[in-house]
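For the sequence shown, position 643 (counting from the first letter as 1) is numbered 643 according to full-length UniProt numbering, and the numbering increases by one without interruption. Backbone N, C-alpha and C fix where the C-beta goes; we use that ideal spot for every residue, glycine too. Right, one structure below, let's go through it.
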Amino acid sequence: KSPVLDNSGDEGDESHHSSDSEVDQYSSSESQSSSSQETDNSPDAAYIQAARRKRQLARSQCNFIPLNTNPKRGDKLSDLKSGDADSEDEPDDHEKRIQFAPKPQTLKQRMTEETYKDTPFGNMKKSCESQEDETQDIWEQQQMSKAVKITQVIIFILISVLASLQDIHRSHQREYEKYLQDIENSKSTIKRLEKASEPALNYKFYKGMKTYLENLVDCLNEKMADIKELESSMYLLLREQAKILLKRRQEDLLNESTYLQQLSGKAGTSTDDTVEADKKVQLLEECEARRACRRQARESTGKCDHQEGMSSDDEVSPAEANDFQKTKDDILQNHKKIFEDVQEDFCIIQNILLKFQQWREKFPDSYYEAYVSLCLPKLLNPLIIIELIDWNPLKPDSIGLKQMSWFRSVEEFIKNGVSELRKEDNPDEKILPTIIDKTVIPQITGFVEFVWDPLSTSQTSSLIKHYKIIFGAPSTCDNEAGKAKQDLMGSIVSRMKKAIDEDVFIPLYPTCVVEDKTSPHLKFQERQFWSALKLFGNILLWDGFLLEDALWELGLSRLLNRYLIIYLPNVPPGPDLIEKCYRVIACLPERWFRGLRTRSSLPQLANLTQLLVQLAHKFRDLGSNSGSAVCLLTSVKSLHFSGLQFPHL
1 KSPVLDNSGD EGDESHHSSD SEVDQYSSSE SQSSSSQETD NSPDAAYIQA ARRKRQLARS
61 QCNFIPLNTN PKRGDKLSDL KSGDADSEDE PDDHEKRIQF APKPQTLKQR MTEETYKDTP
121 FGNMKKSCES QEDETQDIWE QQQMSKAVKI TQVIIFILIS VLASLQDIHR SHQREYEKYL
181 QDIENSKSTI KRLEKASEPA LNYKFYKGMK TYLENLVDCL NEKMADIKEL ESSMYLLLRE
241 QAKILLKRRQ EDLLNESTYL QQLSGKAGTS TDDTVEADKK VQLLEECEAR RACRRQARES
301 TGKCDHQEGM SSDDEVSPAE ANDFQKTKDD ILQNHKKIFE DVQEDFCIIQ NILLKFQQWR
361 EKFPDSYYEA YVSLCLPKLL NPLIIIELID WNPLKPDSIG LKQMSWFRSV EEFIKNGVSE
421 LRKEDNPDEK ILPTIIDKTV IPQITGFVEF VWDPLSTSQT SSLIKHYKII FGAPSTCDNE
481 AGKAKQDLMG SIVSRMKKAI DEDVFIPLYP TCVVEDKTSP HLKFQERQFW SALKLFGNIL
541 LWDGFLLEDA LWELGLSRLL NRYLIIYLPN VPPGPDLIEK CYRVIACLPE RWFRGLRTRS
601 SLPQLANLTQ LLVQLAHKFR DLGSNSGSAV CLLTSVKSLH FSGLQFPHL
């Protein structure tokens, strides 16, 4: 029937030739697949042509969706013109099906396969197929080995998820802790606000405190000039008195030395020299009268072992004493009038500190934020100066710092604030050391430079007492405070050095002049030795307070080796020399010899050791008892230098 169908079509239309062939293939496939259909039921040419027209009309409809979504290049007009031909060339649905199973073999193919099955050609074909299968398996295994194992992938994913969850947990933990801290802060704030007064009362307190401080500062600024004037007046009064006494002592020393030189001279003197000598004699008589008064005073108190020259020549005439006391009383009277027109809340340190204590108790935060501990020392400075106007640290009966009212008030103010904060965290702990460094130490430094007499044992002992209190108190870390203490120590060393250079003088006279025990030359020489020894002892009283190098330089190198050791060899051997050596060694601090090795002494004591060795040999040569000299050598750990043997020691 195929030729019939092909001839019944339009022979002139070549565009339908391919479509007719497709229809023929479709018809043949239909006839093969459905063997149950009758050959008479096959569609004729008219039916096929009608089916084609129907499909073409369906394609032209707007609701038709073509299967080919990637058309070839070309414009729409050409596509429409060739639409019929293209649609006829497309295979039907059953021809587009993918063959998932191998195509069934024909009888002829099966017979051929059976025929060549056991032949070499068949075996070779099987071996090739098995080799291809093996190669395929190897390739698949290689590809699978290259791939990541599913367990590793799962582990990596789980680790990543765990790390992410841990980060989230830590973030939540931090937020939780922050919330807890916020809760605690909120609770403390609530408690503090509950305890606080009303805002109106707070404002009233701060306003009152501000007004009080402004009035206090204005009052102190107004009185500051008067305070400075009183301080300067008292300071000049004491300075002038010390200057007069020092000048008189040096003039007496010079006059007596000159008089003795003239007395021992053989040359004649002129009239002018005679008048000058008479003036010097008068001054010497006045000096001797003062010395006699001191001697009488010592005898009345039972001090019979005192040596001439060990007392301070600080007596003044009654007229001078009255003038001094009158001027001092006037200054103190003006001192009392400074705050006559001022209320007690503005001039008494205890009342002022009470105001700040109330502020600290009611509003501690604002109190510490205002740095009150830095302001109070400067604010109290004028009032402390007023209380120190009549204070002389060189007097033995002077009141100590810790017994002063301002010191106790400040100390109590600091103690009341310790309960609020730890002691090391309390800034108020620095108030008292700052006051001492910036107010008290400058006062003492002025006394040391211009009023202190290093030859006075009473003044030196009193100064050391106050010095011990100052350096025993904790100091601030401020450089200015450290500089104040360094300046004080430097002033002490400088003043003692000046005393050695200007006040120490031990004349050396010929033996024939000093053989007479009643000779004025011998008396003058003895007084000057004991005066130098007194200064030597006063200098060594500073042991433990000043640097040892400074004390060794002043006491041993400058005073002992230059003056005392030079004089002692001129003293005749005997009890007098032993006593002088003993008094020299008694001034040496025992602490200096504790750390020394056996058979060793201080290098600065080499001259003293040599003198004692010579003294021991002299006593031995004279047949006298040399035990005293040996004991002195033992005390300075220099017995081995003598070369003497004392089995009983």
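State yes or no: is the C-beta of residue i nearer than 7 angstroms to some heavy atom of the ligand MG?
i: Asn215; result: Although the ligand MG was asked about, the structure shown includes no ligands whatsoever.
Enumerate in chain order the residues of its own chain whose CB-to-CB distance from residue i is below 6 angstroms, with the five nearest sequence positions on each side excluded.
i: Phe450; result: Arg239
i: Asp345; result: Asn351
i: Lys228; result: none
Given a cut-off of 8 angstroms, decide if residue j and residue i are closer than it, judged by their beta-carbon atoms.
i: Asp453; j: Ala242; result: yes
i: Leu394; j: Leu284; result: no
i: Phe308; j: Trp530; result: Reading off the sequence shown, one finds Glu at residue 308, where the question assumed Phe. Result yes, Cβ atoms of Glu308 and Trp530 sit closer than 8 angstroms.
i: Leu383; j: His466; result: no
i: Ile492; j: Ala532; result: no
i: Ile352; j: Leu201; result: no
i: Ser458; j: Pro396; result: yes
i: Phe205; j: Lys328; result: no
i: Pro573; j: Lys618; result: yes
i: Glu251; j: Arg290; result: no
i: Leu260; j: Pro510; result: no
i: Ser461; j: Pro427; result: no
i: Ile386; j: Ile338; result: yes
i: Met489; j: Leu554; result: no
i: residue 653; j: Val513; result: Residue 653 cannot be examined here, being either before or after the span of the chain that is shown, 1 to 649.
i: Leu220; j: His335; result: no
i: residue 680; j: Glu256; result: Summary: the structure shown does not reach residue 680, with the chain confined to residues 1 through 649, and so no result is reported for it.
What whole-angstrom Cβ distance do residue i and residue j have, given they're in contact under 8 angstroms?
i: Leu551; j: Ala499; result: Contact doesn't hold; Cβ gap of about 14 angstroms is too wide.
i: Leu540; j: Cys581; result: Not quite, the Cβ-Cβ distance comes to about 16 angstroms (not below 8 angstroms), so this is no contact.
i: Thr445; j: Asn381; result: About 16 angstroms separates the two Cβ atoms, so there is no contact after all.
i: Ile441; j: Lys485; result: 6 angstroms
i: Lys355; j: Tyr212; result: 6 angstroms
Distance, Cα to Cα, residue i vs residue j?
i: Leu237; j: Asp226; result: 17 angstroms
i: Lys483; j: Arg558; result: 27 angstroms
i: Ile578; j: Pro569; result: 11 angstroms
i: Lys191; j: Pro199; result: 16 angstroms
i: Ile565; j: Val504; result: 13 angstroms
i: Lys247; j: Arg360; result: 54 angstroms
i: Ala616; j: Leu608; result: 12 angstroms
i: Cys631; j: Phe536; result: 21 angstroms
i: Asp218; j: Val342; result: 12 angstroms
i: Leu162; j: Ile183; result: 31 angstroms
i: Gln604; j: Lys497; result: 17 angstroms
i: Glu340; j: Trp406; result: 19 angstroms
i: Ser494; j: Val448; result: 10 angstroms
i: Asp516; j: Ser398; result: 44 angstroms
i: Thr106; j: Thr112; result: 10 angstroms
i: Trp592; j: Ala319; result: 47 angstroms
i: Asn561; j: Asp330; result: 48 angstroms
i: Glu175; j: Gln166; result: 14 angstroms
i: Glu502; j: Glu548; result: 23 angstroms
i: Ala50; j: Asp44; result: 10 angstroms
i: Ser130; j: Lys108; result: 24 angstroms
i: Ser145; j: Ile168; result: 36 angstroms
Enumerate in chain order the residues of its own chain whose CB-to-CB distance from residue i is below 7 angstroms, with the five nearest sequence positions on each side excluded.
i: Asp390; result: Leu332
i: Asn416; result: Gln357
i: Gln350; result: Ser409
i: Pro589; result: Leu540, Asp543
i: Leu388; result: Gln443
i: Leu611; result: Ile565, Leu568, Pro569
i: Tyr235; result: Gly446
i: Val571; result: Leu577, Lys580
i: Ile414; result: Asp428, Glu429, Ile431, Leu432
Going by DSSP, which residues form a beta bridge with residue i?
i: Asp543; result: Leu546
Within a Cβ cutoff of 8 angstroms, which residues of the same chain sit near residue i, ignoring the five residues on either side of it in sequence?
i: Gln32; result: Its pLDDT being 44, under 50, Gln32 is placed unreliably by the model, and the measurement read from it follows with that caveat. So the list is empty, once near-sequence residues are dropped.
i: Leu245; result: Asp313, Asp314, Val316, Asp453
i: Phe324; result: Leu237, Gln241, Val316
i: Lys207; result: none
i: Lys468; result: Phe545
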